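Colleague: Please see the structure below; I have some questions.
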Amino acid sequence: MLLGGIEGGGTKFVCAVGDETGRIHQWVRIPTIDPAHTLDAAITFFKKQEVLRSEPLAAIGIGMFGPVDLNPASEHYGYITTTPKPGWAFTDVVGPVQKAFPDLPVGFDTDVNAAAMGEHRWGAGRSLGDFVYITMGTGIGAGVMAGGKLLHGLVHPEAGHLRIPRLPGDAFPGICPFHGDCWEGLCSGPAILKRTGIPAEDLPGNHEAWPLTARYTAIALADLVCALSPRRIILGGSVPRAGLLGRDRFLAMVRNGVREALGGYISVPELSGDLSGYIIPPLLEENAGICGALALAETAWEEDRHPTDSRNDVSSR
Ligand code: ZN
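Following numbering that gives the first Met the number 0, the numbering of the sequence shown begins with 0 at its first residue and continues without gaps.
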């Protein structure tokens, strides 16, 4: 089955054709210029791949930078909505794709939900019905898998904006335009740059920003453990790679902090020990997003065939 996937980011769109095993056959990177050019280039790529392979696509999945409208009943379903990115506010993404491929099911979700789907289908969340996928980079986002389905609810989870109690002596005001010192305002890549004057990837391993970032992240993760009861937390993105500190040492700090923040209250084997099997990096690494878009396509295809037993039933939103 030939599946199409679009991972739409603020600087580039990655488009790929692949299959239901998660294998990517061909992919292309398209700069995020303006909606007309970028979407047109994406559609052209898929049309060409259909001709080259003499096989029509079965479905297309789109994981998109947000905010996006995921409510199928909304007149703006499938749109990027209030983004500050010039030219992209209230852009219809699903519409042009659906128009170019009128017979195909088109799946649509946030970029972080798509990545969570990718890890669920082929990565570190495989066979787990309940886990949280987090990406810490330009922003902080979380995709929540609950009972084998992505959690949407009112909109979609915005765990990056969890409010975090400040550590004594930390006067950094944070950078979130809405909250200042929410988790994203304290721990995203741009927050680390603002705090230290050094990009996270170049930050020395002994810089005091690392234990602070790990501690705040641990508090947020402990809150997510209490609120959502995930069976695993997958921590992805550029920040946890932790520059010159390295991902292993950063994750060890985070795991220690989570154990401390939980205070031994939740007594299960998964949350005892060093948490090295509980808080883990993504297995698909930087391919989580595009593989997730293929997984969204597969889910849309299943939904189209069996509207009642889909893993991501829109009627439950
Ligand atoms: Zn915020």
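Glycine included, C-beta positions come from ideal geometry on N, C-alpha and C.
This structure is a prediction, so every number in the text was calculated from the model and none was measured.
Closer than 8 Å by C-beta to residue 214: which residues in its own chain qualify, once you throw out the five before and the five after it? Chain order, please.
Modeller: Result list for residue 214: 166, 252 and 256, in chain order.
Colleague: Can you give me the start and stop residues for the beta strand (DSSP E) that residue 61 sits inside?
Modeller: Unbroken beta strand (DSSP E) run through residue 61: 58-63.
Colleague: For the ligand ZN, any of its heavy atoms closer than 8 Å to the Cβ of residue 155?
Modeller: Outside the cutoff, so no.
Colleague: Can you look up residue 6 in the DSSP assignment and give me helix, strand or coil?
Modeller: The answer is strand: DSSP assigns residue 6 an E or B state.
Colleague: Count the other CB atoms, across all protein chains shown, that sit within 10 Å of the CB of residue 305; report buried if there are 16 or more and exposed otherwise.
Modeller: Answer is exposed; the Cβ neighbour count stays below 16.
Colleague: Rounded to whole angstroms, what's the CA-CA distance from residue 254 to residue 294? Just pull it up for me.
Modeller: Between residue 254 and residue 294, the C-alpha separation is close to 29 Å.
Colleague: Measure the alpha-carbon distance for residue 148 versus residue 128 and round it to whole angstroms.
Modeller: The straight-line gap from Cα to Cα measures roughly 7 Å.
Colleague: How would you label residue 53, buried or exposed, when you count the other beta carbons within 10 angstroms and need 16 or more for buried?
Modeller: Exposed: under 16 other Cβ atoms inside 10 Å.
Colleague: Under DSSP, the beta strand (DSSP E) around residue 100 begins and ends at which residues?
Modeller: Segment: none, residue 100 is in no beta strand (DSSP E) and carries neither H nor E.
Colleague: So is residue 6 buried or exposed if we call it buried at 16+ other beta carbons inside 10 Å?
Modeller: Buried, since its Cβ has 16 or more Cβ neighbours within 10 Å.
Colleague: So is residue 239 buried or exposed if we call it buried at 16+ other beta carbons inside 10 Å?
Modeller: Buried.
Colleague: For the ligand ZN, which residues count as neighbours when the test is a C-beta closer than 6 Å to any heavy atom?
Modeller: Ordered along the chain, the selected set is 160, 175, 177, 178, 181, 183 and 184.
Colleague: Is residue 249 helix, strand or coil by DSSP?
Modeller: Three-state DSSP puts residue 249 in a helix.
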